[in-house]
Amino acid sequence: METGQKAVVKTAQIYKMTAADPHTHRRVVSKDGHNKVRIDNVEGMVKLYLHDIWTTVVDMKWRYKLTLFSSTFVMTWFIFGVVFFFIGMGNGDLEAERSLNHTPCVMNVETLTGAFLFSLESQTTIGYGFRYISEECPIAIFTLVAQLVITGLAEIFVTGAFLAKLARPKKRAETIKFSHSAVICRKDGKLCLIVRVANMRKSLLIQCQLTGKLLFPHETMEGEKTLITQTGVDFRLDSRSDCPFLILPLAFYHVIDEASPLWGLTAENLRTRDFELVVTLNATMESTAATCQSRTSYVPQEIMWGYEFKPVLFTTPGGRYMADFNYFDKVRPSPDLALFTHNPEKLRLEEEYRKEQSD
115 METGQKAVVK TAQIYKMTAA DPHTHRRVVS KDGHNKVRID NVEGMVKLYL HDIWTTVVDM
175 KWRYKLTLFS STFVMTWFIF GVVFFFIGMG NGDLEAERSL NHTPCVMNVE TLTGAFLFSL
235 ESQTTIGYGF RYISEECPIA IFTLVAQLVI TGLAEIFVTG AFLAKLARPK KRAETIKFSH
295 SAVICRKDGK LCLIVRVANM RKSLLIQCQL TGKLLFPHET MEGEKTLITQ TGVDFRLDSR
355 SDCPFLILPL AFYHVIDEAS PLWGLTAENL RTRDFELVVT LNATMESTAA TCQSRTSYVP
415 QEIMWGYEFK PVLFTTPGGR YMADFNYFDK VRPSPDLALF THNPEKLRLE EEYRKEQSD
């Protein structure tokens, strides 16, 4: 079977599985922000990764990176040790009977172990002791220069990859906490989807902006089915889409109105809808001015209709603010019980009435 036919069959199977179990919500992004899409059947994947070797090495897990770091040095020591061993063999340094005026290329190197130790000493020290190179063997001098240049470049690459891995803002993004669930309740008379976000470190995150993507299956007017269609979901804080800095746990909200992709969502159909809301926080670290990004996702089972977050910010007897994260994920029923029988048309008419009254 050809590759194209295999792809068609696999896609058809996926549609069949989705249709058979409409309540199964697959994730594109995990709760901790990792990509859950499996990349398969890509020709020349290894070649593509080697073309971008820097990103490949930086993205390696630490255990593979440490293995690469160790093997790089050991391999260069051994390879050039073998080269020096063969240079000595070609120069007759390993023969049992040598003439009195014979000058070895590398002094006191008569075995492969000795050649390996000389290679190691040449790469890691600035001087020689028992083993040293002679000035009457140009090929050994050239090999020594080549070793120092090549290994110097290798050290720069490996060390740079280590520093790039350590300096990546990925670890900083892991200290950004999202609420496990999102809630839908009224805010200033409008139906809103609310997500709580907190910075777990004392160092500030500035220019924070929360954005969302709604992922859902879609069928076009022509009958073409797509497993995932993306549409933007805007979040704001008060009247702005961004905040100057994230110093306290904040609640970002999305207004569910006629312009919202969530318009038409009700308490009754929420659990039967098939979508995933991917929420991404982009921020700048005050300490390094580097940009970090953290994300999570919510499926319908993690969106609570008619609930609101419990307060997480309190004051101490000494007059200081305290964020109690025991309440960070806790919710309580919203006072507006009409949310449980939400009618989009009723909400629209109420909104128009409030606007007329304000005018």
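With our numbering, the residue at position 319 of the sequence shown is 433, and numbering never jumps.
For every residue, glycine included, the Cβ atom is placed at its ideal position computed from N, Cα and C.
Query: Taking the alpha-carbon of lysine 327 as reference, which of Tyr412, Pro218 and Tyr441 has the nearest alpha-carbon?; Result: Tyr412
Query: With distances taken from CA atoms, which of Phe292, Arg300, Phe428 and Gly266 is nearest lysine 145?; Result: Phe292
Query: Touching or not, the stretch 169 to 178 and the stretch 265 to 282, by the rule of three or more beta carbon pairs under 8 Å?; Result: yes
Query: Among Thr273, Glu372, Gly378 and Ile361, whose alpha-carbon lies nearest the alpha-carbon of leucine 319?; Result: Ile361
Query: Is it right to say threonine 125 is buried, meaning 16 or more other beta carbons lie within 10 angstroms of its own, or is it exposed?; Result: For threonine 125, the pLDDT reaches just 37, beneath the cut-off of 50, and the residue's location in the model is therefore unreliable, leaving the point undetermined.
Query: Have a look at Thr343, Gly420 and Leu329 and flag the residue whose alpha-carbon is nearest the alpha-carbon of lysine 301.; Result: Gly420
Query: So within the stretch 309 to 350, which uninterrupted alpha helix (DSSP H) runs reach at least 4 residues, ignoring any that extend past its ends?; Result: none
Query: How many whole angstroms separate the CB atoms of serine 295 and glutamate 416, which I take to be in contact at a CB cut-off of 8 Å?; Result: 5 Å
Query: Take the Cβ of arginine 107 as the centre, count every other Cβ of all protein chains shown within 10 Å, and call the residue buried at 16 or more, exposed below.; Result: Residue 107 lies beyond the stretch modelled for the chain, which goes from 115 to 473, so this question has no answer here.
Query: Figure out for me which residue from Phe423, Pro449, Pro447 and Ser448 has the closest Cα to the Cα of aspartate 438.; Result: Phe423
Query: Say whether the stretch 389 to 405 touches the stretch 304 to 321, bearing in mind that this needs 3 or more beta-carbon pairs closer than 8 Å, one atom from each stretch.; Result: yes
Query: Just grab the DSSP bridge partners of serine 408 for me.; Result: Leu395
Query: From alanine 365 to proline 449, what does the alpha carbon distance come to, in whole angstroms?; Result: 18 Å
Query: Going by other Cβ atoms of all chains shown within 10 Å of its Cβ, with 16 needed for buried, is threonine 257 buried or exposed?; Result: buried
Query: If I follow the unbroken beta strand (DSSP E) through phenylalanine 439, where does it start and stop?; Result: Here phenylalanine 439 belongs to no beta strand (DSSP E), and DSSP marks it neither H nor E.
Query: I believe aspartate 348 touches histidine 332 by the beta-carbon criterion, under 8 Å. Please report the beta-carbon distance rounded to the nearest angstrom.; Result: The pair is not a contact, with the Cβ atoms about 20 Å apart (cut-off 8 Å).
Query: With threonine 380 as the anchor, note down where its beta strand (DSSP E) starts and where it stops.; Result: No beta strand (DSSP E) contains threonine 380, which DSSP labels as neither H nor E.
Query: Can you check DSSP and say which residues form a bridge with lysine 301?; Result: Lys304
Query: Check arginine 446 in the structure and name its three-state DSSP category.; Result: strand
Query: Need the endpoints of the alpha helix (DSSP H) that leucine 234 sits in, please.; Result: 226 to 238
Query: Count the other CB atoms within 10 Å of the CB of serine 213; is the residue buried (16 or more) or exposed (fewer)?; Result: exposed
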